[in-house]
Amino acid sequence: MANKPLDTALFDRAARYAIEAHAGTERRGKGFPYILHPMEAAAIVATITPDPEILAAAILHDVIEDTDRTVEDLRREFGDRIAEMVAAESDDPMAHLSEEASWHARKQAAIDRLARAPHDSKIVALGDKLSNMRAIARDYEEIGDAIWNLFHTKDKKEHEWHYRGLAGSLSELSGTAAYREFSDLIDQVFKH
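Be aware that the sequence shown starts at 163, since it is given in this note's numbering, and climbs by one per residue.
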């Protein structure tokens, strides 16, 4: 008996939308297309759940924060659940302040938001945060503490505070391999 083909229509549509939204953008001076980060986040999420809406939210997770798309655009295109998962993963830009001045407040708000977020939103966030932590760990391995000069906030202790706070907010996922890798990378990068 032949296996029923996997229905990937929703994920495929979300991937096309994310590719279009991020077209022409680069991953923070890395020289490669930005879309590779949301793709990695979605691949991480797929190790936790096959839920097509969570996978779609993972590949869409940066379209509100980093493109001209809005939560209402996502709601119209993909429905309430996906729009809310992406919104839970999107920083408040605090436009009245510079990125440097707002950094700590934005990160504290993200930690607090994720602590209260539904389980599904935490899965999306873990995909994003683990992808980010993998990139930081790779760069840290190559250039050491010079990596912090690539960020708006250059203080390593602030980055450690942020990532350990995220790990705390996402701790209900501690039974997953993705969370264990995230926690291990934090310890590796921020060893004292």
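Ideal placement from N, C-alpha and C gives every residue a C-beta, glycine not left out.
In this structure, DSSP gives Pro195 an extended state, which the three-state scheme calls strand. Straight across, the Cα-Cα distance linking Pro280 with Ala245 is about 13 Å. Beta-carbon to beta-carbon, Ile298 and Ile305 are separated by about 11 Å, too far to satisfy the 8 Å threshold.
For Ile181, the CB contacts under 6 Å within the same chain, skipping 5 residues up- and downstream, are Ile197 in chain order. Here His324 has Lys269 as same chain residues with Cβ atoms under 7 Å from its own Cβ, once five neighbours each way along the sequence are excluded. In this structure, DSSP gives Glu202 a helical state, which the three-state scheme calls helix. Here Phe240 really is in contact with Ala218; their C-beta atoms are around 6 Å apart, less than 8 Å.
Counting C-beta pairs with one atom in each stretch, the region 181-192 and the region 208-216 have fewer than three that are closer than 8 Å, which means they do not touch.
Its chain contains Arg275, Leu276, Ala279, Pro280, Ser283, Val286 and Ala287 as the residues whose beta carbon lies nearer than 8 Å to that of Ala250, once the 5 sequence neighbours on both sides are disregarded; these appear in chain order. Here the alpha carbon of Arg178 sits roughly 18 Å from the alpha carbon of Glu227.
Runs of the alpha helix (DSSP H) lying entirely within the region 304-345, each at least 4 residues long, are 318-331 in chain order. Closest in C-alpha terms to Asp230, from the list Ala185, Ile216, Glu202 and His266, comes Ala185.
With 16 or more neighbouring CB atoms inside 10 Å of its own CB, Pro200 falls in the buried class. Here the C-alpha atom of Asp346 lies approximately 21 Å from the C-alpha atom of Asp317. Per DSSP, Leu168 is not a residue of any alpha helix (DSSP H), being assigned neither H nor E. The straight-line gap separating the alpha-carbon atoms of Asp235 and Gly289 is approximately 22 Å. Ile216 is positioned such that its CB atom lies closer than 8 Å to that of Met247.
Its chain contains Ala245 as the residues whose beta carbon lies nearer than 7 Å to that of Arg237, once the 5 sequence neighbours on both sides are disregarded; these appear in chain order.
In this structure, Ala220 places its C-beta atom within 8 Å of the C-beta atom of Ala204.
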